[in-house]
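As structure tokens, the structure follows; a few thoughts come after it.
In the numbering used here, the protein residues as written are 4 to 112.
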């Protein structure tokens, strides 16, 4: 793997810490409202995002600085990776919501 890809993967690793931290910030709120199913989803999302982010950052550490073309690729990939990780709580909670009688019929699992 070339140095260009290492820089990009390192920076993607830093970027995907954001959904993990946001999920962990939401965790105490779910616990305070006694929503265990949501708390588990936020905890798993936080662990997956932070674990993957740390793995990418540590595996592809590079002393080189990020340049403009690296930043453009990181931004483009970030628009794909961050929403995928941010959607994990919804995917993990959906199976619980589908069994509630007040859930609309449009929700399918």
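The C-beta atom is built at its ideal place from N, Cα and C for all residues, glycine as well. All of these numbers come straight from a predicted model, not from anything done at the bench.
If distances are taken between C-alpha atoms only, which option among the options comes closest to residue i?
{"i": "residue 96", "options": "83, 39 and 34", "result": "39"}
{"i": "residue 11", "options": "79, 86 and 87", "result": "79"}
{"i": "residue 91", "options": "32, 5 and 42", "result": "42"}
{"i": "residue 15", "options": "29, 63, 94 and 28", "result": "63"}
What does the alpha-carbon distance come out to for the pair residue i and residue j?
{"i": "residue 25", "j": "residue 49", "result": "8 Å"}
{"i": "residue 69", "j": "residue 5", "result": "14 Å"}
{"i": "residue 67", "j": "residue 7", "result": "9 Å"}
{"i": "residue 81", "j": "residue 23", "result": "14 Å"}
{"i": "residue 85", "j": "residue 76", "result": "14 Å"}
{"i": "residue 35", "j": "residue 93", "result": "19 Å"}
{"i": "residue 37", "j": "residue 89", "result": "22 Å"}
{"i": "residue 83", "j": "residue 17", "result": "15 Å"}
{"i": "residue 47", "j": "residue 29", "result": "12 Å"}
Which residues bound the alpha helix (DSSP H) around residue i?
{"i": "residue 11", "result": "6-18"}
{"i": "residue 86", "result": "71-89"}
{"i": "residue 45", "result": "39-62"}
Exposed or buried, what is residue i when buried is set at 16 or more other beta-carbons lying within 10 Å of its beta-carbon?
{"i": "residue 3", "result": "Since the first residue shown for the chain is 4 and the last is 112, residue 3 is missing from the structure and cannot be characterised."}
{"i": "residue 45", "result": "buried"}
{"i": "residue 33", "result": "buried"}
My guess is that residue i and residue j are in contact by the Cβ rule of under 8 Å, so how many angstroms apart are they, rounded?
{"i": "residue 13", "j": "residue 59", "result": "7 Å"}
{"i": "residue 20", "j": "residue 56", "result": "4 Å"}
{"i": "residue 9", "j": "residue 52", "result": "20 Å between Cβ atoms; not a contact."}
Can residue i be considered in contact with the ligand FAD, in the sense that its beta carbon sits closer than 7 Å to one or more heavy atoms?
{"i": "residue 87", "result": "Although the ligand FAD was asked about, the structure shown includes no ligands whatsoever."}
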